[in-house]
Amino acid sequence: MNALALPDPDLAELSTPPGTEGAQAHGVHLSALALIYLRHAAPARAMVLGLAAMTMGDLRPQTVLLVAESLIEAGDPEQALAVLRRFDDAPAAAPAPEAEAEADDRPAPLTAPLSAVPTPAQVAARHYLDARALYRQNRPEAARAALDRAIALAEGVVA
5 MNALALPDPD LAELSTPPGT EGAQAHGVHL SALALIYLRH AAPARAMVLG
55 LAAMTMGDLR PQTVLLVAES LIEAGDPEQA LAVLRRFDDA PAAAPAPEAE
105 AEADDRPAPL TAPLSAVPTP AQVAARHYLD ARALYRQNRP EAARAALDRA
155 IALAEGVVA
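For any residue, its number in this note's numbering is found by taking its place in the sequence shown, counting from 1, and adding 4.
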């Protein structure tokens, strides 16, 4: 019997076209794998897997945070800030006054919004990653302001 003649049902599921629930489920698995790579000092691999997960429809806040962190670790803070802008379109996330002042410098967003409303802890993590990216861009004042926002939000979550 030819093994190629009988397709494996698991492999048939992998051929699901992007934009469907199956592809989104694979995106969730890719983002979990990306987290493992990120935690084991492989930010470039984590970035690729995270971006693939987002392409497959996994636009959960935790995936966006993972991709942003991997971009920062891989040395691309500008792209990390671009990824984090997805939080600006989230219903519960109001842009900070400093972010509105810098909005004139930014190009118009061409990205889809998050697939879920971020939790207060995720919004605090977003501001923390903003601070790290801004610090890497040698913008210490803006980084300090973002870190202060993250601390204020985190204190509200813990309290």
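Glycine residues also receive a C-beta, built at the ideal position from the N, C-alpha and C atoms.
message: To the nearest angstrom, how far is the alpha carbon of ALA78 from that of VAL71?
response: Cα-Cα distance, rounded: 10 Å.
query: If you count every other CB in all the chains shown that lies within 10 Å of the CB of THR123, and 16 or more means buried, which is it?
result: THR123 is classed as exposed because its beta carbon has fewer than 16 other beta carbons within 10 Å across all chains shown.
Contact set for ARG43: own chain, Cβ-Cβ below 7 Å, skip 5 residues either direction: Closer than 7 Å at the Cβ level, and outside the excluded window around ARG43, lies no residue.
message: To the nearest angstrom, how far is the alpha carbon of SER119 from that of ARG153?
response: Cα to Cα, SER119 sits roughly 23 Å from ARG153.
- request: Report the residue from ALA48, PRO47, ALA46 and THR67 whose alpha carbon sits nearest the alpha carbon of HIS33.
  value: Nearest option by C-alpha distance: THR67.
- request: Kindly indicate which three-state DSSP category HIS131 falls into: helix, strand or coil?
  value: Here HIS131 sits in helix by DSSP.
field: Of the residues LEU69, TYR41, VAL121 and ALA125, the one placed nearest LEU133, counting alpha carbons only
entry: Checking every option, the nearest Cα to that of LEU133 belongs to LEU69.
Sub-7 Å separation of TYR139 and ALA128 beta-carbons: No, the pair does not count as a contact, with Cβ atoms beyond the cut-off.
task: Closer than 7 Å by C-beta to GLN28: which residues in its own chain qualify, once you throw out the five before and the five after it? Chain order, please.
output: Excluding sequence neighbours, GLN28 sits near MET60, GLY61 and ASP62.
message: Between ASP134 and chain D, is the shortest Cβ-Cβ distance under 7 Å, so that the two count as touching?
response: Judged by its chain identifiers, the structure shown contains no chain D, having just a single protein chain.
query: Does the distance from the C-beta atom of PHE91 to that of ARG49 stay below 7 Å?
result: Cβ distance not < 7 Å, so PHE91 and ARG49 don't count as in contact.
query: With distances taken between CB atoms, is the gap from VAL36 to LEU53 smaller than 7 Å?
result: The residue you asked about is not Val; residue 36 is Ala in the sequence shown. No. Outside cutoff.
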